[in-house]
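Undergrad: Mind looking over this structure? Questions follow.
Protein chains: 4
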Amino acid sequence: MKTGKDYLTSLRDGRKVYVHGARVDDVTIAPGLREPAEEIARGYDRFFDPAPGAYHPMFEVPRSAEDLRARIKMVFEADFTAFNSAACLALLGARGALRAADPVYVERIERFVARCRAEDVRIAEVISDAKGDRSLPPSRQADPDAYLRVVERRSDGVVVNGAKLHITAAPFVHELVVMPTKRMKAGDEDYTIAFSIPANAPGISMVTVTHAPRGDDVRHFPVSRRYAIPQAMVVFDHVFVPDDAIFLNGEIELSAAIAHSLGLWERLSGLAQMAEHADMLTGLAHLISEANGVSRAPHVADIIAHMAMYATITRANLEASLTQAEITEDGMAKPNELYVNAGKYYAASEYVLMVRHLHDVAGASVVTSPTMADLDNPDIGPFVEKYMKGAQGFESAHRMALFHAIRDLTADVLAGWHLGSNISAGGGLMAQRLVTRNQYDMQAADRLGWSAAGLAPGADG
Amino acid sequence: MKTGKDYLTSLRDGRKVYVHGARVDDVTIAPGLREPAEEIARGYDRFFDPAPGAYHPMFEVPRSAEDLRARIKMVFEADFTAFNSAACLALLGARGALRAADPVYVERIERFVARCRAEDVRIAEVISDAKGDRSLPPSRQADPDAYLRVVERRSDGVVVNGAKLHITAAPFVHELVVMPTKRMKAGDEDYTIAFSIPANAPGISMVTVTHAPRGDDVRHFPVSRRYAIPQAMVVFDHVFVPDDAIFLNGEIELSAAIAHSLGLWERLSGLAQMAEHADMLTGLAHLISEANGVSRAPHVADIIAHMAMYATITRANLEASLTQAEITEDGMAKPNELYVNAGKYYAASEYVLMVRHLHDVAGASVVTSPTMADLDNPDIGPFVEKYMKGAQGFESAHRMALFHAIRDLTADVLAGWHLGSNISAGGGLMAQRLVTRNQYDMQAADRLGWSAAGLAPGADG
Amino acid sequence: MKTGKDYLTSLRDGRKVYVHGARVDDVTIAPGLREPAEEIARGYDRFFDPAPGAYHPMFEVPRSAEDLRARIKMVFEADFTAFNSAACLALLGARGALRAADPVYVERIERFVARCRAEDVRIAEVISDAKGDRSLPPSRQADPDAYLRVVERRSDGVVVNGAKLHITAAPFVHELVVMPTKRMKAGDEDYTIAFSIPANAPGISMVTVTHAPRGDDVRHFPVSRRYAIPQAMVVFDHVFVPDDAIFLNGEIELSAAIAHSLGLWERLSGLAQMAEHADMLTGLAHLISEANGVSRAPHVADIIAHMAMYATITRANLEASLTQAEITEDGMAKPNELYVNAGKYYAASEYVLMVRHLHDVAGASVVTSPTMADLDNPDIGPFVEKYMKGAQGFESAHRMALFHAIRDLTADVLAGWHLGSNISAGGGLMAQRLVTRNQYDMQAADRLGWSAAGLAPGADG
Amino acid sequence: MKTGKDYLTSLRDGRKVYVHGARVDDVTIAPGLREPAEEIARGYDRFFDPAPGAYHPMFEVPRSAEDLRARIKMVFEADFTAFNSAACLALLGARGALRAADPVYVERIERFVARCRAEDVRIAEVISDAKGDRSLPPSRQADPDAYLRVVERRSDGVVVNGAKLHITAAPFVHELVVMPTKRMKAGDEDYTIAFSIPANAPGISMVTVTHAPRGDDVRHFPVSRRYAIPQAMVVFDHVFVPDDAIFLNGEIELSAAIAHSLGLWERLSGLAQMAEHADMLTGLAHLISEANGVSRAPHVADIIAHMAMYATITRANLEASLTQAEITEDGMAKPNELYVNAGKYYAASEYVLMVRHLHDVAGASVVTSPTMADLDNPDIGPFVEKYMKGAQGFESAHRMALFHAIRDLTADVLAGWHLGSNISAGGGLMAQRLVTRNQYDMQAADRLGWSAAGLAPGADG
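Read top to bottom, the protein sequences are chains A, B, C and D.
Its first residue numbered 6, the first sequence is counted upward by one per residue in the numbering used here.
Its first residue numbered 6, the second sequence is counted upward by one per residue in the numbering used here.
Its first residue numbered 6, the third sequence is counted upward by one per residue in the numbering used here.
Its first residue numbered 6, the fourth sequence is counted upward by one per residue in the numbering used here.
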């Protein structure tokens, strides 16, 4: 296994990363990137085990509901690239489908996953294409590269062009797991390509945006100073992919298999995070209501009850998705797709109301509280201390820290990223409605409907 | 065990039942009461087992999540008084608390439950008091009987006065299980009384309302002709209760123990029924969209997806409440109170939107469809047949039956009862918010809140 | 002008009306129909003026926002067929479009409206076709009569076949104003037919449903005993329409003109009724909270504030639709279509939550309160009186009457009709969203969007 | 009237302003403050009129609904301190109440307003106190200065201590209009003090927070680079207020009069801004859907229709508040309080859903789009240009500018400020519900309720 130091060293591999228009030579020291790199390094150290054969639990294949539960707990304790390790599970989960097309894909996948585990590497899930005009299919775009595609076929591999958007943590991983974004049709064979590729492979560039705090004083950003994860547009400019790294190549009927498999794990992660987040926001609402001295006001208590309700319903869906997990023929436990989707939908679509509730409880100081630097200033500090005092027992500095945490989580840069990505992750709210509709047992519902009408099931239609 | 015929015979026991101002001599033949009585009788027959010692599964004590799941399934297959058997579970579940007060209560409860099981009797849950002015406690009401109370204490029992409202199926049961409606305070000792009493005991009258179809043609009411369950105001006018039937007598600190225990089971029933109902309404929306030929219209498909989402989230809460069940010291499995409440709240508060969705999909024929009698009429029938035709493959009569089922369930007498009782059952939406707030692990949430602020848990407050 | 007696006499004209499978010989005496007929007759008498040339204000053409406001007030004071008189306004409002096609249509419309006014007749708006398979256009239906159409053209008129659904008050009017339900396409000329026809014309039958109280004791139905308006499927079986009564005949490009014109007035009526209804439900919530003694409970006061909010927002839309009325070239004031639609949408889609709020405030007695007949019963009446008592100052009988009103309005037969028709009137919620989208000034919104992006309006796209 | 240059000069008056812990010597050049100062200066120039006696229209007293409408239009064209000029209207609007207490207050107010107009000064509304423990009244706080109060009374004025929070634009104005935050009780006389004071008066310090863009490249912040308005905690440390500037002094029964009067104008501003904002967000959703090529996808079109609905309903409330304005005895037009509050509540409480809709339409590039600097980079720029291309006719740079505008408005620093302040402005959602409840005509609603129950109004209660 790698130590944190090994990890940081490994990132100095010539990768081409750009931030706000400028090339970054070393992601481990550049402002806005250094902090997340160090956060991941600390994660490596927390899980480091010098024993030979030891590996990070993110590479453990879950075989039961309990394993799934353990995995979720682990992900919160590990660094945030642990979410991405779901790409390995997705590849393994797609084996059933891929085996039929060509058993060699399965062998390559198993080799790739074994290598990731052995070398303790971090990976990124690389899916969304640029898409150009979304009303047109890949093969009818004005620019044929709007979806990533094979532009040249060689004896030992393929060459690809294209760009993948919204790639979480891309500048911090070793391997990119690339797959088609959706179901392809006849004529889209060149767009039907899945593979792994090192992040520093020739022809790859990463245009990165960060949601890291933009100010100097990290005390103003108690959450985002630790958890702002960059995203990148990953550009593929004539990138060579050797055969051994290819997991799918032209089989249009399987084009969506890996992405679909991954979608499930991504939404599970999203759901688990939102369940945790829901508890955190509820706790902040409760604490600030006490700091303000309003926790017993009926309308405040009732808003907090609404928040606890949201948190509980979100968690109920997570629970149901685990205990109703499906065990595949390979013995892998897959969370229940129906509950994962419904839960992710509920949590994401109601999340904005949680933000509103929290702001309603906390008041305007969420966005107007003085900073810790104001508190330090010898002239004005004593006044800030005096007037930011709330209910007895709460220090002004602590009350201010709560306001800053609330602002940082729900009314600032990282907050914006949460709002935007909660909705977009997994393809927008419509996508979750579609999956729920497809996974829902409509035949059973129809039977109840016929029965209500006093008719035999399937009387018509 | 009793047969259906035994059951009907047993109801002719002199009980005093009134409907719409008139005394009913025999509930097994009176219009509006005969139908539910026969429905229960059929339930007896479905579960009849002549073997000695056989008993109805509604009296089985659940000991695991699986038992709870089986119990829910059984309740849907049995007659609707099976819900009420939860009163036995509630009494058994309160033993822990009552044992401390007086072990004799526990003995009486166990004897009572054993007798119910042996004699295959049906029971009612008798809780809500008349309450008078709700802003005042029992002992300060203008009429001291506004809450049921002991008006006389004798050597062998007590005499009670009062009225209990909204008692489901009261005219159809053998035993009433009576308990205080809420936590009592010092001075309320006479109001702290729980007991069982036969439905035909002297001094008991039942003022009954039905939501049975008010028309002659039951084809117009495919659902309510079977499932309209009467409720009654049960009046206690100097009713003698022997000591052996008393389960609580003056211990104000335990006054809410049985009702609280029962509340959990009632909300579980409510949640399970609403989960079933949600699937049924979704099925009806789907079927009528096909009958109308609009199932592929995007906005219709999307509404149905919303309905499937509601059904799934409701069921996720039910699932979580079962798999996270608590096993009591007596070995009884109690569903998880947090998930039961949150689920019941979600389902009840969003239910009205399901009704709206269903009406939006089905269209105005829900409330204007001709009747089956119109179809039978030789003059007008052929026109009704001709013009109520929808998409190919659906007979007019079937499409009309679907409209009638939707109306009966969501836009007619029984529908009104669903709307009203969904909200009120378990004490109104506020009650569920309160219980959720109390059961929610706020300390864990607070810890996440402190952590977000970068402070040690419990830094203040 | 007609007196109420004149009106009742005029209904005995041989019209063919069916209810629940049976022909009704005289709608003025048949149970379920007599009550609404008498309600309309009383409306005639309230507005009767023996002066020559006097006419009912429902035939007044509004020329200003104030006239529109006066019209709304009048409609609530008149009988409920006053809503239908909007068909005259719709015909007059469509003159601009029809004049271009053929001036004779305008002359016929003006003659028809003048005759309605002079003879004080009542009319019905006859629009929705049977529609068969809704995924198919009129000319591709399995049954060509699925949309009403001309089956024969004669020298002096046309013969039509078809059925029109959901026709409010049809059995109680003198004239049916029939129009196509939607925009027709080339080949649909025979479906493009608008006309007036007497309700007793040969070949017309009306299959009627009522939402009148189904019980004997009207005290149990304080609202619906007065306001249950029957709907009918109106069947046209080879009905001859003379030329002079035809307002549109084959001009497919104008097929939707009258219905669109009428839709605006229908939605205005719907919006005005829902505004009134909203105040009524808020008042009932407030009164029952006082009767129950809970009006000061914070969560109850807050629910009532939510209801007042809904009522106010609904009324704000009504206000805006009146004060922003458009004056046509003919000098007629038309309510603002954007606000009418948005308001109708808001009110209809949130209405179900008002019902939930009211039930949440009122409690389970909404569906379980004893009847007035129970109160009259000498045995049980005193107990009902004693135990239905609420807060001081409220008589039991009055508190019960409030419960009955709430049930009748929101949890019984008429309530179901409200729920269903609120949503379906005006074509379902999607229809209102479409109209709002079309009427909304998207170009102005786009300009603001471009400006936010720092770009010139219309930079692209 | 002042020019922009005059204005900037006038701000260099020794005022004590702190930002992030450091004293700012000159607010017209400090980063984060310079930009808004210049924005205001441009506003001065736009309205400059050299004619003697000319004055800014923000000081015009509205006398009709049309004047109110004109005022709203003017505010959007003027600089953002125009909102604050409502403090003058609020003072004038409170004259009726204050005249009874002491006519001298009225004279001082009129002199103050005349001076503001003559000298073209900008003012701030200074209301919210620090409040300490919100469960306690002013006089029972641990720190008696938790609410601003008179600490010394002199022959020619008073000396005050305290702090006022969330003071919009405070560092940019000339005069602070200070008033009590709420209704005071007996014993709170020293807290009942209203006055005006120059922003640079001895003893005043302003602890300022900005929501200005934190990055260097303003192209990334097309909205906030212009509209980020700082807020300040304004500290009063033994500030002397001369008699002539005092508008209220100890009359506890009038303590809330000015704040109440101001609240109405503040909420009107909030409502007008949210109506404008709603159109802007709808326009952005529409434009980005076209840029993405998805504007014809049914679910996208439907989301945009929902947004247009929100914008329309918000505007309907604004319209109704203007056309139903009340004309005071002084001839001033006051917007209708009921509609202002209901509208502000609706707009603020549903706003978060607008943000969700916009994110759902726009997709993840809202938070991951590369910057304009990336587009400028010679290495990576061509790829950004190539892959950020959307539907034909949209330049990549324009599509990116739309994403940046959406992020800046709804998913970044300024966005957070909008979310937080929308809810908190005017006192939280509960405050609007309370005002609506108080202003709503409950007696009229009760009459409808009694009537529904078939009873005479006021039968009981």
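Glycine residues also receive a C-beta, built at the ideal position from the N, C-alpha and C atoms.
1) Could you compute how far the alpha carbon of D/G200 sits from the alpha carbon of D/E130?
2) Check for me: the alpha helix (DSSP H) holding C/R154 runs from which residue to which?
3) Less than 8 Å between CB atoms is the rule here; does B/D451 satisfy it with respect to chain A?
4) Tell me which residue opens and which closes the beta strand (DSSP E) that A/L253 is part of.
5) Can you list the residues of chain C that A/L304 reaches, using a CB-CB cut of under 8 Å?
6) My output table needs one value for D/G9: the three-state DSSP class, helix, strand or coil.
7) Need the endpoints of the beta strand (DSSP E) that B/Y23 sits in, please.
8) Is there a Cβ of chain D sitting closer than 8 Å to that of C/H291, yes or no?
9) With a threshold of 16 other CB atoms inside 10 Å of the CB of B/A175, please say whether the residue is buried or exposed.
10) Residues of chain B with a CB under 7 Å from the CB of A/N322: which are they?
11) For D/M184, name the three-state secondary structure that DSSP assigns.
12) Less than 6 Å between C-beta atoms, sequence neighbours within five positions excluded: which residues of the same chain meet that for C/V178?
13) Check the DSSP bridge columns for C/T173 and list the partner residues they point to.
14) Looking at B/P375 and A/V458, is the spacing between their C-beta atoms short of 8 Å?
15) Is the beta carbon of C/M312 less than 8 Å from the beta carbon of C/L286?
16) Could you have a look at D/N205 and say whether DSSP puts it in helix, strand or coil?
17) Just how far apart, CA to CA, sit B/A135 and B/Y196?
18) Answer yes or no: does any C-beta atom of chain B fall closer than 8 Å to that of C/G468?
19) Do the stretch 258-271 of chain B and the stretch 85-93 of chain B touch if we need at least three Cβ pairs shorter than 8 Å?
20) Counting only Cβ pairs nearer than 9 Å, list the residues of chain D close to A/A396.
21) Which word fits B/E295, buried or exposed, when buried means at least 16 other C-beta atoms lie within 10 angstroms of its C-beta?
22) Does the separation of the CB atoms of C/L73 and C/L380 fall below 8 Å?
23) Which residue from A/V165, A/T333, A/A316, A/N341 puts its Cα closest to that of B/Y344?
24) Quick check on C/Y60 - is its C-beta less than 8 Å from some C-beta in chain B?
25) Got a sec? Which residues, its chain only, sit under 8 Å from C/M211 by beta carbon, not counting five neighbours each side?
26) Can you tell me whether B/P247 is helix, strand or coil according to DSSP?
27) Is there contact here, the stretch 22-39 of chain C with the stretch 52-63 of chain C, by at least three beta-carbon pairs under 8 Å?
28) List, in order along the chain, the chain D residues whose C-beta lies closer than 8 Å to that of C/V80?
29) If contact means a Cβ-Cβ distance below 8 Å, which residues of the stretch 348-379 of chain D contact chain C?
30) For C/A191, tell me which candidate among C/H243, C/I309, C/I257, C/N443 has the shortest Cα-Cα distance.
31) Output the distance between the C-alpha atoms of A/T14 and A/S229, rounded to the nearest integer angstrom.
32) Going by C-alpha distance, which of C/V440, C/E400, C/R361 is nearest B/L424?
33) With 7 Å as the C-beta to C-beta threshold (strictly closer), list the residues of the stretch 27-60 of chain B near chain A in chain order.
34) Does the stretch 388-404 of chain A touch the stretch 140-148 of chain D, meaning 3 or more C-beta pairs lie closer than 8 Å?
TA: Result, derived from the coordinates:
1) By one-based count along the fourth sequence, residue 200 of chain D stands at place 195. By one-based count along the fourth sequence, residue 130 of chain D stands at place 125. Reading off the sequence, residue 200 of chain D comes out as Phe, not Gly. Cα to Cα, the separation comes out at about 11 Å.
2) Sequence index remark: in the third sequence, residue 154 of chain C carries index 149 (1-based). Premise fails: C/R154 lies in the beta strand (DSSP E), 154-159, not in any alpha helix (DSSP H).
3) As a first step, residue 451 of chain B is located in the second sequence; it is residue number 446 there, counting from the start. Yes, its Cβ sits closer than 8 Å to a Cβ of chain A.
4) As a first step, residue 253 of chain A is located in the first sequence; it is residue number 248 there, counting from the start. Residues 251-254.
5) Translated into the one-based positions of the first sequence, residue 304 of chain A becomes position 299. The sequence given here has His at residue 304 of chain A, not Leu. Going along chain C in sequence order, the residues near A/H304 (Cβ under 8 Å) are P303, D307.
6) Walking along the fourth sequence from the start, residue 9 of chain D turns up at place 4. Residue state, collapsed to three classes: helix.
7) Along the second sequence, read from residue 1 onward, the residue named residue 23 of chain B stands at position 18. Counting along the chain, the beta strand (DSSP E) containing B/Y23 begins and ends at 21-24.
8) Taking the third sequence and counting its residues from 1, the one referred to as residue 291 of chain C is at position 286. Cβ-Cβ to chain D under 8 Å: yes for C/H291.
9) What you label residue 175 of chain B is simply residue 170 of the second sequence in a count that begins at 1. Classification of B/A175: buried, given that the 10 Å Cβ count is 16 or more.
10) Here residue 322 of chain A refers to the residue found at position 317 of the first sequence. Simply I318, A321.
11) As a working mapping, residue 184 of chain D is identified with position 179 in the fourth sequence. Reduced to three states, the DSSP call for D/M184 is coil.
12) Numbered from 1 along the third sequence, position 173 holds the residue referred to as residue 178 of chain C. Excluding residues within five positions, the ones whose Cβ falls inside 6 Å are R127, I128, A129, A204.
13) For this step, residue 173 of chain C is matched to residue 168 along the third sequence. In DSSP, C/T173 forms a bridge with C/Q236.
14) The sequence position of residue 458 of chain A within the first sequence is 453, counting from 1. The sequence position of residue 375 of chain B within the second sequence is 370, counting from 1. Reading off the sequence, residue 458 of chain A comes out as Ala, not Val. The answer is no: Cβ separation not under 8 Å.
15) Walking along the third sequence from the start, residue 312 of chain C turns up at place 307. Walking along the third sequence from the start, residue 286 of chain C turns up at place 281. Yes, the Cβ-Cβ distance between C/M312 and C/L286 is below 8 Å.
16) Here residue 205 of chain D corresponds to residue number 200 of the fourth sequence, with the count starting at 1. Coil, per DSSP.
17) Your numbering for residue 135 of chain B matches position 130 in the second sequence. Your numbering for residue 196 of chain B matches position 191 in the second sequence. In a straight line, the C-alpha of B/A135 is about 13 Å away from that of B/Y196.
18) No answer is possible for residue 468 of chain C: the residues shown for chain C start at 6 and end at 466.
19) yes
20) As a working mapping, residue 396 of chain A is identified with position 391 in the first sequence. Those within 9 Å of A/A396 in chain D are G137, D138, R139, S140, L141.
21) By 1-based counting over the second sequence, the position of residue 295 of chain B is 290. Counting Cβ neighbours within 10 Å, B/E295 comes out buried, since at least 16 surround it.
22) Mapped onto the third sequence, residue 73 of chain C falls at position 68. Mapped onto the third sequence, residue 380 of chain C falls at position 375. Their beta carbons are not under 8 Å apart, which means C/L73 does not touch C/L380 by this criterion.
23) By 1-based counting over the second sequence, the position of residue 344 of chain B is 339. Among A/V165, A/T333, A/A316, A/N341, the Cα nearest to that of B/Y344 belongs to A/A316.
24) Within the third sequence, numbered from 1, the residue matching residue 60 of chain C stands at position 55. So no, C/Y60 is outside the interface.
25) To locate residue 211 of chain C, count along the third sequence from 1; it is residue 206. Answer for C/M211: R20, K21, V22, Y23, I172, A175, P176, A204, A237, M238, V239, V240, listed in chain order.
26) What you label residue 247 of chain B is simply residue 242 of the second sequence in a count that begins at 1. Reduced to three states, the DSSP call for B/P247 is strand.
27) no
28) Numbered from its first residue, the third sequence carries residue 80 of chain C at position 75. Simply none; closest approach about 16 Å.
29) G348, Y350, Y351
30) Here the question's residue 191 of chain C lines up with position 186 in the third sequence. Checked all of C/H243, C/I309, C/I257, C/N443; the closest Cα to C/A191 is C/I257.
31) Looking up residue 14 of chain A in the first sequence gives position 9. Looking up residue 229 of chain A in the first sequence gives position 224. Rounded to the nearest angstrom, the two C-alpha atoms are 24 Å apart.
32) Your numbering for residue 424 of chain B matches position 419 in the second sequence. The shortest C-alpha separation from B/L424 is found at C/R361.
33) none
34) yes
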